Amino acid sequence: MTEKKSKKSAVSYNKWGYIFLLPFIIVFTVFQLIPLVTTIYNSLFENYMSGLKQVGPNFVGLENFKTIIQNGDLITYASNTAIMWVLGFVPQILVSLVLAAWFSDHTLRLKCQRFFKTVIYLPNLIMASAFSMLFFTLFSTIGPVNGILVQTGVLSEPFQFLGNVTAARLLIAFMNFVMWFGNTTILLMAGMMGIDTSLYEAAEVDGATSTQRFFKITLPLLRPILVYVMITSLIGGLQMFDVPQILTNATGDPMRKTMTLIMYLNKHLFSKNYGLGGALSVVLLIITAILSVVVFKVMGYDKED
Numbered sequence: 024m025t026e027k028k029s030k031k032s033a034v035s036y037n038k039w040g041y042i043f044l045l046p047f048i049i050v051f052t053v054f055q056l057i058p059l060v061t062t063i064y065n066s067l068f069e070n071y072m073s074g075l076k077q078v079g080p081n082f083v084g085l086e087n088f089k090t091i092i093q094n095g096d097l098i099t100y101a102s103n104t105a106i107m108w109v110l111g112f113v114p115q116i117l118v119s120l121v122l123a124a125w126f127s128d129h130t131l132r133l134k135c136q137r138f139f140k141t142v143i144y145l146p147n148l149i150m151a152s153a154f155s156m157l158f159f160t161l162f163s164t165i166g167p168v169n170g171i172l173v174q175t176g177v178l179s180e181p182f183q184f185l186g187n188v189t190a191a192r193l194l195i196a197f198m199n200f201v202m203w204f205g206n207t208t209i210l211l212m213a214g215m216m217g218i219d220t221s222l223y224e225a226a227e228v229d230g231a232t233s234t235q236r237f238f239k240i241t242l243p244l245l246r247p248i249l250v251y252v253m254i255t256s257l258i259g260g261l262q263m264f265d266v267p268q269i270l271t272n273a274t275g276d277p278m279r280k281t282m283t284l285i286m287y288l289n290k291h292l293f294s295k296n297y298g299l300g301g302a303l304s305v306v307l308l309i310i311t312a313i314l315s316v317v318v319f320k321v322m323g324y325d326k327e328d
């Protein structure tokens with residue numbers, strides 16, 4: 024009798040677990056699973072507007088994927104996206120590691136930590152569109168940055184920041200760095216604060232320097248957070264859209280060197296070419312999955328310690 028009662032109570036508790044999971048399952052199905060299946064389905068059809076005439080939907084199989092690959096634009100825009108992501112992510116992770124180490128080190132006894140933590144996180148709360156408009160105004164030909172550089176004699180004439188390939192890419196990368204390094208710092212700092220302080224004390228007794236403690240203790244134990252940061256940043260980099268879209272007025276100039284993959288996708292959707300848009304979305308999904316696996320392999324997170 025007691026076994027039957029225990030089984031019934033376990034079943035009743037499990038029922039409440041499934042009930043609490045139900046809202047997530049519904050939201051995931053409606054807003055993620057169904058759109059994903061619909062996108063894959065649309066990628067197999069020819070479906071676009073030719074003037075005022077609707078062409079399709081006609082089943083074409085993998086023709087949309089062949090068109091995207093053979094066009095050559097995919098590689099160009101993927102390289103643009105990768106370059107701007109690397110230019111923004113490398114200083115972001117380095118600065119965040121340094122700041123997180125400083126803030127989590129009690130021996131430094133830094134003052135006004137709450138103030139500085141708030142300040143570095145504030146850019147993350149600003150909308151990317153507003154941030155882009157601010158930088159567009161600051162670095163335009165008649166903007167205050169050019170005005171200061173000309174008046175101080177650094178430049179003889181205004182520099183076209185958005186008309187130079189290197190300057191435009193660096194500007195977009197810098198904006199992404201400013202917006203996200205605060206969030207990365209908080210994540211890394213949370214991971215560092217979870218490390219047992221006795222490990223640092225033992226290393227200090229053994230004569231380890233602060234640099235040795237950082238590379239031998241902090242970084243290895245911080246690996247799960249670093250993997251999470253890298254993958255989320257990688258996904259965000261592949262989805263880079265709002266900053267270059269607003270900063271270049273959706274043109275990807277100069278010479279389409281700031282055109283990202285999502286801007287390229289947006290052009291297909293804006294022209295109502297749903298077949299190519301769906302195919303490009305599936306390609307982006309595959310690229311994201313492959314790069315995520317690569318990050319896991321490189322970081323060695325797939326191996327059991």
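Under the numbering used here, the sequence shown has 115 at position 92, and the numbering climbs by one with no breaks. Where is the CB? At the ideal position from N, CA and C, for every residue including glycine. Remember, predicted model here, so these are calculated numbers, not experimental data.
Of the residues assessed, G176 falls on the exposed side of the cut-off, its CB having fewer than 16 other CB atoms within 10 angstroms. In this structure, V168 sits away from P277, with a CB-CB distance that is not shorter than 7 Å. Taking all protein chains shown into account, S152 has fewer than 16 neighbouring C-beta atoms within 10 Å of its C-beta and is therefore exposed.
Close CB contacts of A123 within its chain, under the 7 Å cut and outside five residues either way in sequence, are with T208, L211, M212 and M215 (chain order). By the Cβ neighbour-count rule, Y64 is exposed, with fewer than 16 other Cβ atoms within 10 Å of its own.
In this structure, Q136 lies near F126, with their beta-carbon atoms less than 7 Å apart. Within the same chain, L122, F204, G205 and T208 come within 8 Å of I143 by CB-CB distance, once the 5 residues on both sides are set aside. Assignment of Q93 by DSSP, reduced to helix, strand and coil, places it in the helix class. Counting along the chain, N289 sits inside no beta strand (DSSP E); it lies in the alpha helix (DSSP H) bounded by residues L284 to F293. Taking a contact to require three or more Cβ pairs closer than 8 Å, the region 298-318 and the region 60-79 qualify as touching. The C-alpha of S179 is placed about 21 Å away from the C-alpha of L194.
Short of 8 Å from the beta carbon of R236, and not among the five residues preceding or following it, lie these beta carbons of its own chain, in chain order: Y223, A226 and E227. With distances taken between CA atoms, I313 lies nearest to L257 out of L257, I57, A190 and G217. For K76, the secondary structure class from DSSP, reduced to helix, strand or coil, is strand. Setting aside the 5 residues that flank it on each side, T104 is surrounded in the same chain by G260, L261, M263, T283 and L284, each with a C-beta closer than 7 Å to its C-beta; the list follows chain order.
With 16 or more other Cβ atoms from the protein chains shown falling within 10 Å of its own Cβ, W108 counts as buried.
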